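Taking it in order: structure first as structure tokens, then the write-up.
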Amino acid sequence: MPAGRPKRIRNPNPVRETEKGYTRRFNRGGVEGKRDRKFGLAPGDRDFMHDYQQGQCGICQRHESEFTRKLAVDHCHETGRVRGLLCGPCNTALGLLSDDRQRLERAIRWLMTTEEAEASNG
Ligand SMILES: [Zn+2]
Numbered sequence: 404m405p406a407g408r409p410k411r412i413r414n415p416n417p418v419r420e421t422e423k424g425y426t427r428r429f430n431r432g433g434v435e436g437k438r439d440r441k442f443g444l445a446p447g448d449r450d451f452m453h454d455y456q457q458g459q460c461g462i463c464q465r466h467e468s469e470f471t472r473k474l475a476v477d478h479c480h481e482t483g484r485v486r487g488l489l490c491g492p493c494n495t496a497l498g499l500l501s502d503d504r505q506r507l508e509r510a511i512r513w514l515m516t517t518e519e520a521e522a523s524n525g
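Everything in the sequence shown is counted per this note's numbering, starting at 404 for the first residue and increasing by one.
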């Protein structure tokens, strides 16, 4: 490290920091954060997410009013990190595919391939 250079740059990328604000709000670190995640969000947190997502599922974009149940708080099962609100079917789909990106990408490719095959078969 060159002499005179600060050891740590505070907020090297302010735009990215702002974008991360939403995520950070729902991902308090440490034991307290874990307790929050396990036993529910702080008062107002769900409303904040609901407003941020305009009452829509983060995946299918359907509005909460289209469902009999409220949108579910989706979280990473490994880290407990809250990701946002999802409708029941989308939340269940992620869970059934174990939040596995590769499986989800293969599922998309599967649908695309089969749709192409159907289209070429007339
Ligand atoms: Zn959905």
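Glycine is no exception: its CB is placed at the ideal position from the N, C-alpha and C atoms. Just so you know, these numbers come straight off a predicted model, no measurement behind them.
Distance between residue j and residue i (C-alpha atoms, nearest Å)
{"i": "Asp-395", "j": "Met-515", "result": "No answer is possible for residue 395: it lies beyond the span of the chain, which begins at 404 and ends at 525."}
{"i": "Gly-483", "j": "Ala-475", "result": "14 Å"}
{"i": "Glu-508", "j": "Arg-449", "result": "29 Å"}
Residues that residue i bridges to, as DSSP identifies them
{"i": "Gly-487", "result": "Asp-477"}
{"i": "Gln-459", "result": "His-466"}
Residue i, buried or exposed, once every other Cβ within 10 Å from all chains shown has been counted against 16
{"i": "Asn-524", "result": "exposed"}
{"i": "Asp-477", "result": "buried"}
{"i": "Gly-355", "result": "Outside the displayed span of the chain (404 to 525) sits residue 355, for which this structure offers no information."}
{"i": "Leu-499", "result": "exposed"}
{"i": "Cys-460", "result": "buried"}
{"i": "Cys-463", "result": "exposed"}
### Message
Can you tell me which residues fall inside 6 Å of ligand 1, judged by beta-carbon distance to its nearest heavy atom, and keep chain order?
### Response
Cys-460, Ile-462, Cys-463, Arg-465, Leu-489, Cys-490, Pro-492 and Cys-493
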